[in-house]
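> Below is the structure I would like to discuss, written out as structure tokens.
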Amino acid sequence: MKRILNPILMSSLLVLLGAVSLPSRAAQTGPPRATDTDATKERRLQWFREAKFGLFIHWGLYAVPAGEWKGNLVPGIGEWIMNRFQIPVREYEKLAAQFNPVKFDADAWVKVAKDAGMRYIVITSKHHDGFAMFHSKVSKYNVVDATPFKRDIIKELAAACARQGMRLGFYYSQAQDWHDPNGAGNTWDFGPDEKKDYDKYLREKAEPQVREILTNYGPVCLVWFDTPRMMTPERSQRFVDIVRAIQPDCLIDGRLGLTGKEGDYRSTSDNIIPDQAADEAWETPATINHTWGYKKDDHDWKRPGEIIFKLVDIVSKGGNYLLNVGPMADGVIPARSVEILGEVGKWLKANSEAVYGTGRTPFGEEVGGYLADVKDRNGQRVWGFRSDWRCTAKPGKLYFTVFTWPRSGFDLPRFKNKVKPAYLLIDPEKRPIPMTTGADGIITLQTTRPERTPMANVIIVEIEGDRVER
Ligand code: H79
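Put into structure tokens, the structure is as follows:
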């Protein structure tokens, strides 16, 4: 708690005192700012740390084959179909002529995110296949110039987000581009990456396109780079400079460069939630089924309860959850994913206080620990995962989200602060939950599982003092 709040408080204080120069208009055209201190970074991150939950949208030409090419179903993730079947550029690019998502309704998409309780959207402006979902002057291989649809998807989504007060960020595949002869990844048409003029691709396509998405679509909350193949420090710095020069408040994810530290926050591996809490800002990108881009045969959806658990688990560990949907080629987000997100949103709406703007758990033992005397077949320690409850916190307030209701009352973890009456978050009357203190000093909240709100219930424990003393 202390460590997570202090930088934020510090940065606003410093800003108030004028100790940190805020990015100015002049900085937008000048050379890279030398003043990118931890405090400026923390100030940029403030909305992100509060937001917790975002909608990832993977949409592109791969929605047309929807995971099937010439009668073969692609194993694995749908947006990789071109790579997996080594489809030549001349064949794959014909998909553009079939991309006509007449049912696309940007406002409806933003509403899906809103109803799910999501606070930001990140959409693929260009994935590894090289196709731009915006009107690019750099390459004709884009949704306006190459499809019968001719509408700028990104422009419409940006307008809908502005109307509905939703932050918008762009995924941009900076390294892999299977359409460009010098982009990384397409070895079947263009040979090995080492023999390519990679900097020509960066200078003539990726960098100018990143400038376009930061210039033409209003405020961009973050750029989500991915798979940093061959992204030397010097190359990733060029992208940092572009972002900082055009939109100084825009965040950069953790997959721009090879170290993972070139951006503003840490990105975990796809679908990986860390075992333990961390103070640095971080985000888990995750799928709602298995694929990112739409695949007609992927029906293995995560249940709303699983998603709520993952969300609270992530938030209690100090992270953000960027959960993906893969819209179909007609412009519709698969109905099942919308339903699932709606269920999550219902829970989140009722329990929002335990999620948005909270800090990580002041405890930690609730997430589990290495099992004593147990080794796996490789001699490695084994993590014993616990999922009974998770804790988030605000100054003077602890939120215990209980997933497995204990039969004989809920035992609070040990801490020194005096405890004020506890109550259920969903109880408008805040009726105190009876408490007993055992001979061992453990406080037990004597409550049975509440009938209302399915899946998980939040107990609020107010304490004396802003933060937990153990
Ligand atoms: O955009 C989503 C993925 O397309 C992207 N990251 C998320 C957010 C991503 N790029 N690379 N990877 C994920 C790792 C991909 C690994 C695999 Fe494959 C792709 C496994 C199966 C298909 C490449 C081709 C490795 C084996 C076959």
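Those letters in the sequence shown? Residues 1 to 470, per the working numbering, in order.
Here a beta-carbon is modelled for each residue, glycine too, at the ideal position from N, C-alpha and C.
Since this is a predicted model, take the numbers as computed values, not measurements.
(1) Any heavy atom of ligand 1 closer than 7 Å to the CB of glycine 76?
(2) Roughly how many whole angstroms lie between the Cα atoms of glycine 364 and alanine 372?
(3) Do you know offhand how far glutamate 451's Cα is from isoleucine 426's?
(4) Can you list, in chain order, the residues of its chain whose CB lies under 7 Å from that of aspartate 297, leaving out five sequence neighbours each side?
(5) Output the distance between the C-alpha atoms of aspartate 177 and glycine 185, rounded to the nearest integer angstrom.
(6) Give a single yes or no on whether histidine 179 has its beta carbon closer than 7 Å to a heavy atom of ligand 1.
(7) Name the residue from Phe104, Leu323 and Glu353 whose alpha carbon lies nearest to the alpha carbon of isoleucine 340.
(8) Applying the 10 Å Cβ sphere with the 16-neighbour rule, what's the burial state of glutamine 331?
(9) Any heavy atom of ligand 1 within a distance shorter than 7 Å of the CB on aspartate 107?
(10) Closer than 6 Å by C-beta to isoleucine 307: which residues in its own chain qualify, once you throw out the five before and the five after it? Chain order, please.
(11) On the CB-based measure, 16 or more other CB atoms within 10 Å of its CB, does glutamine 174 come out buried or exposed?
(12) Under three-state DSSP, which class holds serine 471?
(13) In whole angstroms, give me the CA-to-CA distance for aspartate 474 and isoleucine 443.
(14) Could you tell me if the beta carbon of tryptophan 59 falls within a distance shorter than 7 Å of some heavy atom in ligand 1?
(15) For the candidate residues Asn216, Glu91 and Ala63, whose alpha-carbon lies nearest to that of glycine 78?
(16) If you draw a straight line from the alpha carbon of glycine 107 to that of glycine 379, how long is it in whole angstroms?
(17) Can you have a look at aspartate 440 and say buried or exposed, based on whether 16 or more other CB atoms are within 10 angstroms of its CB?
(18) Taking one C-beta from the stretch 216-230 and one from the stretch 121-134 each time, how about it: are there three or more such pairs within less than 8 Å?
(19) Return the Cβ separation of asparagine 216 and tyrosine 201 in integer angstroms, given the expectation that the two are a contact with Cβ distance under 8 Å.
(20) At what residues does the beta strand (DSSP E) containing valine 332 begin and finish?
(21) What three-state label does DSSP hand phenylalanine 410 in the structure shown?
(22) On the CB-based measure, 16 or more other CB atoms within 10 Å of its CB, does glutamate 91 come out buried or exposed?
(23) In whole angstroms, what is the alpha-carbon distance linking proline 88 and alanine 158?
(24) Should glycine 384 and glycine 368 be called a contact, given that it needs their Cβ atoms to be closer than 8 Å?
(25) Applying the 10 Å Cβ sphere with the 16-neighbour rule, what's the burial state of proline 327?
(26) Mind checking who lysine 394 pairs with in its DSSP beta bridge?
(27) Could you give the distance in angstroms between the alpha-carbon of alanine 396 and the alpha-carbon of glutamate 469?
(28) Under DSSP, the alpha helix (DSSP H) around tyrosine 198 begins and ends at which residues?
(29) Comparing C-alpha positions only, which one of Asp313, Asp129 and Arg235 sits nearest to arginine 84?
(30) Between the Cα of proline 421 and those of Pro428, Phe415 and Pro432, spot the shortest distance and give me the residue it belongs to.
Walking through what the data contain:
(1) Shortest gap from the CB of glycine 76 to any heavy atom of ligand 1: under 7 Å.
(2) Across the structure, glycine 364 and alanine 372 are spaced so that their CA atoms are roughly 17 Å apart.
(3) Each residue's alpha carbon lies about 11 Å from the other.
(4) For aspartate 297, where only same-chain residues beyond five positions count, the Cβ hits under 7 Å are Gly67 and Leu73.
(5) The C-alpha of aspartate 177 lies about 6 Å from the C-alpha of glycine 185.
(6) Answer for histidine 179: no, Cβ out of range of ligand 1.
(7) With distances taken between Cα atoms, isoleucine 340 lies closest to Leu323.
(8) The amino acid occupying residue 331 in the given sequence is glycine; glutamine does not appear at that position. Per the 10 Å Cβ criterion, buried.
(9) The beta carbon of aspartate 107 sits no closer than 7 Å to any heavy atom of ligand 1.
(10) If you ignore the 5 residues before and after isoleucine 307, its C-beta comes within less than 6 Å of the C-beta of Val344, all in its own chain and listed in chain order.
(11) When all chains shown are included, glutamine 174 counts as buried.
(12) Within the shown structure, residues of the chain are numbered from 1 to 470, placing residue 471 beyond reach of any answer.
(13) Only positions 1 to 470 of the chain appear in this structure, which leaves residue 474 out of reach.
(14) Tryptophan 59: no, Cβ never under 7 Å from ligand 1.
(15) In this structure, Ala63 is the residue among Asn216, Glu91 and Ala63 with its C-alpha nearest to the C-alpha of glycine 78.
(16) Residue 107 is actually aspartate in this sequence, not glycine. When rounded, the distance between both Cα atoms is 52 Å.
(17) Per the 10 Å Cβ criterion, exposed.
(18) Segments in contact, yes.
(19) At roughly 21 Å, the Cβ-Cβ gap does not stay under 8 Å, so asparagine 216 and tyrosine 201 are not in contact.
(20) Where valine 332 is concerned, there is no enclosing beta strand (DSSP E), given that its DSSP letter is neither H nor E.
(21) Reduced to three states, the DSSP call for phenylalanine 410 is strand.
(22) Burial call: exposed.
(23) So the alpha carbons of these two residues sit roughly 32 Å apart.
(24) The criterion of a C-beta distance shorter than 8 Å is satisfied by glycine 384 and glycine 368.
(25) Proline 327 is buried by the Cβ-count criterion.
(26) Bridge partners of lysine 394 according to DSSP: Lys397.
(27) Checking the displayed sequence, the identity of residue 396 turns out to be glycine instead of alanine. One C-alpha to the other measures close to 11 Å.
(28) Residues 198-201.
(29) Ranked by Cα distance from arginine 84, the first of Asp313, Asp129 and Arg235 is Asp129.
(30) Distances from the alpha-carbon of proline 421 to those of Pro428, Phe415 and Pro432 put Pro432 closest.
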